[in-house]
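Colleague:
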């Protein structure tokens, strides 16, 4: 089949392209040539920005079986690619996010749960507050432009090689380093995360089948203790978690999600159950996830190739972690 990928050189886009190539598909990239321009030197790359009508005109007269859009954040921008491709592409896969939901005040929410809205739908600044509702508006644009032939992937936390966020990577590298480490709440704390290659494989199969509709796409719920065990198994590390209760973390200014990735305290009512969404529909449609230990091994093989002075974008600084661990031990007596 002939695939068009918008972007296609970073993280999920890259994984989509790699898996499509492995599947024997004919892949064309459309991107600005800014991020990773040399990742796929043998692929046809149409250089352009979809906000520029002249660049979109480069796609005119071409036909593709499906397009994958992992880089749409603003509905106005997504509308431009939808309008340009409506008559030349059979199927549109849009990578959205579970952040599109209005809130996570209850566990187990499924695809029928209301999405977030904006007082001003014309806003173009992507922030923590606007990201999710803007994704929801993008979904609407795609669904209207490709009626009955669009796949809307509401992705959870995506992990694996080439992850630019360093969120899950923090846990893998921290446990690999060894020693006692600060961990959130208890081993039973529930999390969800999916390997970038698993979401790519599933999306490709769904697009190939022409499947339409909206799906939450992440892993089944798993206890944080299982994450720790998988990383210990992958690394051979004897690092041990020191579980610290939520209020103590809050009182000591530990930032949820970015300093302690995967952790959101229940006191954050609108986000408390963000890692407890229902994935039944996606699994019923064939989603499968690899063992977490395999993801960790491949992730760490990639991190080993990064510069030695690389500064992680997420995770708790070592000195802050040590200070909080000392305070916790004093409190525990």
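Residue numbers (this note's numbering): 2 to 334.
Just so you know, even glycine gets a beta-carbon here, dropped at the ideal spot from N, CA and C.
Could you check how far apart the C-beta atoms of residue 329 and residue 243 are, in whole angstroms? I think they sit under 8 Å.
Modeller: As a working mapping, residue 329 is identified with position 328 in the chain shown. As a working mapping, residue 243 is identified with position 242 in the chain shown. Contact holds; Cβ gap of about 7 Å.
Colleague: Short of 7 Å in beta carbon distance, which residues of its chain neighbour residue 279, apart from the five on each side in sequence? Order them along the chain.
Modeller: Counting from 1 along the chain shown, the entry for residue 279 is found at position 278. So the list reads 109, 110, 111, 217, once near-sequence residues are dropped.
Colleague: Please report how far the alpha carbon of residue 170 lies from the alpha carbon of residue 305, in whole angstroms.
Modeller: Counting from 1 along the chain shown, the entry for residue 170 is found at position 169. Counting from 1 along the chain shown, the entry for residue 305 is found at position 304. If I take the Cα positions, the gap works out to 12 Å.
Colleague: Helix, strand or coil: which one does DSSP assign to residue 100?
Modeller: Within the chain shown, residue 100 is the residue found at index 99, counting from 1. Helix at residue 100.
Colleague: Assuming residue 309 and residue 13 form a contact by the criterion Cβ under 8 Å, report the distance between their Cβ atoms to the nearest whole angstrom.
Modeller: Sequence index remark: in the chain shown, residue 309 carries index 308 (1-based). Sequence index remark: in the chain shown, residue 13 carries index 12 (1-based). Not really, about 27 Å apart at Cβ, beyond 8 Å.
Colleague: Can you give me the C-alpha to C-alpha distance between residue 225 and residue 140, rounded to a whole angstrom?
Modeller: Here the question's residue 225 lines up with position 224 in the chain shown. Here the question's residue 140 lines up with position 139 in the chain shown. Roughly 31 Å separates the two Cα atoms.
Colleague: Output needed for residue 258: all residues of its chain with C-beta closer than 7 Å, excluding positions within five of it in sequence on either side, in chain order.
Modeller: Stepping through the chain shown from its first residue, residue 258 is reached at position 257. 264, 265.
Colleague: Jot down the residue ranges of each uninterrupted alpha helix (DSSP H) in the stretch 70–154, minimum 4 residues, whole runs only, in chain order.
Modeller: As far as the stretch 70–154 is concerned, its whole alpha helix (DSSP H) runs of at least 4 residues are 76–86, 132–146.
Colleague: Within this structure, are the beta carbons of residue 192 and residue 223 separated by less than 8 Å?
Modeller: Position 191 of the chain shown, counting from 1, holds the residue named residue 192. Position 222 of the chain shown, counting from 1, holds the residue named residue 223. Closer than 8 Å, so yes.
Colleague: Return the CA-CA distance between residue 326 and residue 10, expressed in angstroms with no decimal places.
Modeller: Within the chain shown, numbered from 1, the residue matching residue 326 stands at position 325. Within the chain shown, numbered from 1, the residue matching residue 10 stands at position 9. One C-alpha to the other measures close to 40 Å.
Colleague: Among the residues of its own chain, which have a CB less than 6 Å from the CB of residue 207, if the five just before and after it don't count?
Modeller: Counting from 1 along the chain shown, the entry for residue 207 is found at position 206. If we look at residue 207 and ignore the five residues flanking it on each side, its Cβ neighbours are 152.
Colleague: For the structure I just gave you, are there three or more beta carbon pairs, one from the stretch 165–181 and one from the stretch 123–130, closer than 8 Å?
Modeller: no
Colleague: Would you kindly work out how many angstroms separate the C-alpha atoms of residue 321 and residue 39, rounded to a whole number?
Modeller: Walking along the chain shown from the start, residue 321 turns up at place 320. Walking along the chain shown from the start, residue 39 turns up at place 38. Whole-angstrom Cα-Cα distance: 38 Å.
Colleague: Looking at C-beta atoms only, is the number of pairs between the stretch 73–91 and the stretch 20–29 that lie closer than 8 Å three or more?
Modeller: Output reads no: the stretch 20–29 does not touch the stretch 73–91.
Colleague: From residue 133 to residue 334, what distance separates their C-alpha atoms?
Modeller: As a working note, residue 133 is residue 132 in the chain shown. As a working note, residue 334 is residue 333 in the chain shown. Approximately 43 Å, taken between the alpha carbons.
Colleague: Taking Cβ positions, are residue 72 and residue 271 nearer each other than 8 Å?
Modeller: Here residue 72 refers to the residue found at position 71 when the chain shown is read from its first residue. Here residue 271 refers to the residue found at position 270 when the chain shown is read from its first residue. Cβ distance not < 8 Å, so residue 72 and residue 271 don't count as in contact.
Colleague: What do you get for residue 53, buried or exposed, if any count of 16 or more other CB atoms within 10 angstroms of its CB means buried?
Modeller: Counting from one through the chain shown, the residue named residue 53 turns up at place 52. So residue 53 ends up on the exposed side.
Colleague: Quick test of your reading: residue 317 and residue 245, contact by CB under 8 Å. State the CB separation rounded to the nearest angstrom.
Modeller: Taking the chain shown and counting its residues from 1, the one referred to as residue 317 is at position 316. Taking the chain shown and counting its residues from 1, the one referred to as residue 245 is at position 244. Residue 317 to residue 245, Cβ: 11 Å. No contact.
Colleague: Report the option in 155, 42, 46, 41 whose CA atom is closest to the CA atom of residue 32.
Modeller: Within the chain shown, the letter at position 31 stands for residue 32. It is 46.
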